[in-house]
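Chains as they are written, first to last, in our numbering: chain A, 860 to 1188; chain B, 860 to 1188.
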């Protein structure tokens, strides 16, 4: 437990130290956000806010996760987890870079994005499948059984990865929202890994997962220093892909994919609201929400950004408690 | 662990249910805040916001702590803890009532307040001293020893109680601030109680403390639904005394008074900044902070209320992690 607490603190302090260095640098490079023309009216004022703050989190997270990784996993499990997460971060970075710096509004083409994501998620799914400590079985919440998917694990894991990463991307749209809910989710996975370690006497992997989760939680918490309303900097796709990648990596390693609808409940809600909205417009030519994803629906209903963040965080805390209960903690 | 998680959820749901009942009631009774004339200018807009929201928290907290209390402590340890906490809540309530409803601006007279607080804290100190599971020794952080104060425990505990409760009162001054930091502190005590229980095999008291902390954490989290910036309702003295009372009660029962400068770091910072400011004005005829307590200093320095809350919460999380580390968790 100690090393993961130190990891969290280190990661947070890295964020504090990086801010005064990286923010002026991004300013100089003119990494300002072009606010999407389809966002709520009230967001027009955000035009020109710095973006790509996810770079800071990626650095703080990588440094601290690597620093406190159990020595025997530093070039094994932990390296895989970090590389996978940074892989998604890189996709987000390229996308941001094209949009923000080259001023091409749409970023990567759809097929390029899909191809990169499929490749990366296949690699991760295969790694988990072949790792003897992870394997092809999942923990089923509430009933305390393990469900072995066999070879179907690979397409299943790929679906989960792509769904989570893109959901994290959709959840990022209000100051401090994605960082707040992800802090809670990562803290929950940290606790679960701690209990798993106690229960199973299994060391290597749970220990790595704990450090990994702590590093991400610390980076998110530190990012709020700059990203809380009114935001001085946004995380950008590079940030939301990093967060989504870390959440799904932790879930896969702990075999907790089926827990994600609880532990990352607001990711799921953001995605579902988008899918329902688009489906309804196509099929019924009517809108279900004032605007999708869900947080814009609440904002247009008159909720302030900060109240939306408070609500999303509270709901995430509750669902995470439910997730802990469902595992019989 | 399970019962405390259920307690937290119940307490939160109570808050969700109580809001639509109690808020209109307070509105009808015209419990509007008269914003203190010595606060920052920017707070003038808050004039007339509802106050005494602490009543909701007191109800949610009491119901859920009592509901999930281990059966054998329901009329023993848990009852004492709850009564002590509600005693301070009552002092806050009387103070609020005189200020808000009878429109007498200064509330209770100083000597009345001090007499009530001294009486209540003496009762609690004596209870802890005589309880064989608590006694007169304190856990010393970092060095892992116990320090037996003997009879000096009683004045020491009284000082701690009065200091913490009044510090909580000072910390309440920005939307969502006191509720946010108290959520973190109570969650930390919950975790510590869990580890103590595992370590010592001691059941009755740690179990009660866990449920007690969970009930308070859930109530604070739920209160943020109404109190996050822009606040629909303030907690009032009735709320800040409730929170302060709960924090110090948990600390005393777990023998963690010496941990409070870390676990409730922003309470301490608020108090100290006030003391330093007043001392400096008296002695040097100069101000140290733009305005005390500390959160007004940051506000006047141009930080938004939400950013102050984010910073206070992040610092509390870090210091709570340090507190966990200091106990060798």
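Even glycine gets a Cβ: it sits at the ideal position worked out from N, Cα and C.
Simplified DSSP state of residue 999/B, which is helix, strand or coil
Your numbering for residue 999/B matches position 140 in the second chain. Shown here, residue 999/B sits in a strand according to DSSP, grouped into three states.
Per-residue contacts from residue 1165/A into chain B (C-beta, under 7 angstroms)
What you label residue 1165/A is simply residue 306 of the first chain in a count that begins at 1. Neighbours of residue 1165/A across chain B, judged by C-beta separation under 7 angstroms: 1087, 1088, 1165.
For a test of the three-state rule: what should DSSP assign to residue 1057/B, helix, strand or coil?
Within the second chain, the letter at position 198 stands for residue 1057/B. Correct three-state label for residue 1057/B: helix.
For residue 991/B, the three-state DSSP class (helix, strand or coil):
Translated into the one-based positions of the second chain, residue 991/B becomes position 132. Residue 991/B: coil per DSSP, three-state reduction.
Name the residues in the segment 863-884 of chain B whose C-beta lies less than 8 angstroms from a C-beta of chain A; which are they?
So the list reads 864, 865, 867, 868, 871, given in the order they occur along the chain.
State yes or no: is the C-beta of residue 1182/A within less than 8 angstroms of the C-beta of residue 1047/A?
Looking up residue 1182/A in the first chain gives position 323. Looking up residue 1047/A in the first chain gives position 188. Residue 1182/A is a Cβ neighbour of residue 1047/A, given a cutoff of 8 angstroms.
Beta carbon of residue 920/A nearer than 8 angstroms to that of residue 870/A
Counted from its first residue, the first chain places residue 920/A at position 61. Counted from its first residue, the first chain places residue 870/A at position 11. With a cutoff of 8 angstroms on beta-carbon distance, residue 920/A and residue 870/A are scored as near each other.
Should residue 976/B go down as buried or exposed, given a rule of 16 or more other Cβ atoms within 10 Å for buried?
Taking the second chain and counting its residues from 1, the one referred to as residue 976/B is at position 117. Result: buried.
Are the C-beta atoms of residue 915/A and some chain B residue less than 8 angstroms apart?
Reading the first chain from its first residue, position 56 is the one you call residue 915/A. Not closer than 8 angstroms to any Cβ of chain B, the Cβ of residue 915/A fails to qualify, so no.
Taking C-beta pairs closer than 8 angstroms, name the residues in chain B that residue 1184/A reaches, listed in chain order.
Taking the first chain and counting its residues from 1, the one referred to as residue 1184/A is at position 325. Within chain B, the residues near residue 1184/A are 861, 864, 865.
Below 8 angstroms on C-beta distance, what does residue 994/A contact in chain B?
For this step, residue 994/A is matched to residue 135 along the first chain. By Cβ distance, chain B contributes nothing, its closest Cβ being about 27 angstroms from residue 994/A, past 8 angstroms.
How would you list, in chain order, the residues of chain A whose beta-carbon sits under 9 angstroms from the beta-carbon of residue 1170/B?
As a position in the second chain, residue 1170/B is number 311, starting the count at 1. Residues of chain A whose Cβ lies closer than 9 angstroms to the Cβ of residue 1170/B are, in chain order, 1083, 1084, 1087.
Considering Cα atoms alone, identify which of 1090/B, 1137/B, 953/B is closest to residue 882/B.
Taking the second chain and counting its residues from 1, one reaches residue 882/B at position 23. Comparing Cα-Cα distances from residue 882/B to each of 1090/B, 1137/B, 953/B, the minimum goes to 1090/B.
Separation of residue 901/A from residue 1156/A, as counted between CA atoms
Here residue 1156/A corresponds to residue number 297 of the first chain, with the count starting at 1. Here residue 901/A corresponds to residue number 42 of the first chain, with the count starting at 1. Straight-line spacing of the CA atoms in residue 1156/A and residue 901/A works out to 13 angstroms.
From the DSSP secondary-structure annotation, give me the bridge partner or partners of residue 1005/A.
Here residue 1005/A corresponds to residue number 146 of the first chain, with the count starting at 1. Beta-bridge analysis with DSSP links residue 1005/A to 998/A.
Bridge partners for residue 891/A per DSSP, in chain order?
Position 32 of the first chain, counted from the first residue, corresponds to residue 891/A. Answer is 909/A, bridged to residue 891/A.
Beta carbon of residue 972/A nearer than 8 angstroms to that of residue 957/A
Here the question's residue 972/A lines up with position 113 in the first chain. Here the question's residue 957/A lines up with position 98 in the first chain. Taking 8 angstroms as the Cβ cut-off, residue 972/A and residue 957/A do not qualify as a contacting pair.
Closest by C-alpha distance to residue 1154/A, when choosing among 1037/A, 1138/A, 969/A
Within the first chain, the letter at position 295 stands for residue 1154/A. The shortest C-alpha to C-alpha distance from residue 1154/A to any of 1037/A, 1138/A, 969/A is the one to 1037/A.
Beta-carbon spacing of residue 1081/B, residue 910/B below 8 angstroms
Within the second chain, the letter at position 222 stands for residue 1081/B. Within the second chain, the letter at position 51 stands for residue 910/B. With contacts defined as CB atoms closer than 8 angstroms, residue 1081/B and residue 910/B fail to qualify as a contacting pair.
Using a C-beta to C-beta distance shorter than 8 angstroms, which residues of chain A count as neighbours of residue 1036/B?
Counting from 1 along the second chain, the entry for residue 1036/B is found at position 177. The premise fails here: residue 1036/B is roughly 12 angstroms from chain A at the closest Cβ pair, so nothing lies under 8 angstroms.
With 8 angstroms as the threshold, decide whether the Cβ of residue 1176/B is near any Cβ in chain A.
On the second chain, residue 1176/B is found 317 positions in, with the first residue counted as 1. It does: the Cβ of residue 1176/B has a partner Cβ on chain A nearer than 8 angstroms.
Do residue 1165/A and residue 903/B come within 8 angstroms of each other at the CB atom, strictly closer than that value?
The count along the second chain starts at 1 and reaches residue 903/B at position 44. The count along the first chain starts at 1 and reaches residue 1165/A at position 306. Not closer than 8 angstroms, so no.
Just to confirm, are residue 1024/B and residue 1104/B a CB contact at a threshold of 8 angstroms?
Within the second chain, the letter at position 165 stands for residue 1024/B. Within the second chain, the letter at position 245 stands for residue 1104/B. Contact flag set, yes.
Do you know offhand how far residue 990/A's Cα is from residue 1021/A's?
Locating residue 990/A in the first chain gives position 131, counting from the first residue. Locating residue 1021/A in the first chain gives position 162, counting from the first residue. Cα to Cα, the separation comes out at about 20 angstroms.
Can you name the start and end residues of the alpha helix (DSSP H) that residue 1175/B belongs to?
Position 316 of the second chain holds residue 1175/B. The continuous alpha helix (DSSP H) containing residue 1175/B extends over residues 1164-1185.
Going along the chain, which residues of its own chain have a beta-carbon closer than 7 angstroms to the beta-carbon of residue 1044/B, five neighbours each way excluded?
Position 185 of the second chain, counting from 1, holds the residue named residue 1044/B. Once the five neighbours on either side are set aside, the close Cβ partners of residue 1044/B are 1106, 1122, 1123, 1175, 1179.
Which first and last residues belong to the alpha helix (DSSP H) in which residue 1098/A is found?
The residue labelled residue 1098/A in the question sits at position 239 within the first chain. Counting along the chain, the unbroken alpha helix (DSSP H) around residue 1098/A starts and ends at 1095-1112.
Quick check on residue 1000/B: buried or exposed, where buried means 16 or more other Cβ atoms within 10 Å of its Cβ?
On the second chain, residue 1000/B is found 141 positions in, with the first residue counted as 1. Buried.
Should residue 943/B be labelled buried (16 or more other beta-carbon atoms within 10 Å of its own) or exposed?
Counting from one through the second chain, the residue named residue 943/B turns up at place 84. Residue 943/B is classed as buried because its beta carbon has at least 16 other beta carbons within 10 Å across all chains shown.
Measuring CB to CB, does residue 1073/B end up less than 8 angstroms from residue 1065/B?
The sequence position of residue 1073/B within the second chain is 214, counting from 1. The sequence position of residue 1065/B within the second chain is 206, counting from 1. Contact check for residue 1073/B against residue 1065/B fails: the beta carbons are separated by 8 angstroms or more.
So the candidates are 952/B, 1010/B, 967/B; which of them puts its Cα closest to the Cα of residue 987/B?
The sequence position of residue 987/B within the second chain is 128, counting from 1. The shortest Cα separation from residue 987/B among 952/B, 1010/B, 967/B belongs to 1010/B.
Strictly below 7 angstroms CB to CB, what residues from chain B border residue 924/A?
Looking up residue 924/A in the first chain gives position 65. None at all; the shortest Cβ gap to chain B is about 16 angstroms.
Chain A beta carbons: is any one of them nearer than 8 angstroms to that of residue 1058/B?
As a first step, residue 1058/B must be located in the second chain, where it is residue number 199. No, because no Cβ of chain A sits closer than 8 angstroms to the Cβ of residue 1058/B.
Whether residue 1019/B touches residue 1102/B by CB criterion (8 angstroms)
Position 160 of the second chain, counting from 1, holds the residue named residue 1019/B. Position 243 of the second chain, counting from 1, holds the residue named residue 1102/B. Not a contact, by the Cβ cut-off of 8 angstroms.
Name, please, each residue of chain A whose Cβ falls closer than 7 angstroms to the Cβ of residue 1080/B.
Numbered from 1 along the second chain, position 221 holds the residue referred to as residue 1080/B. Those within 7 angstroms of residue 1080/B in chain A are 1173, 1176.
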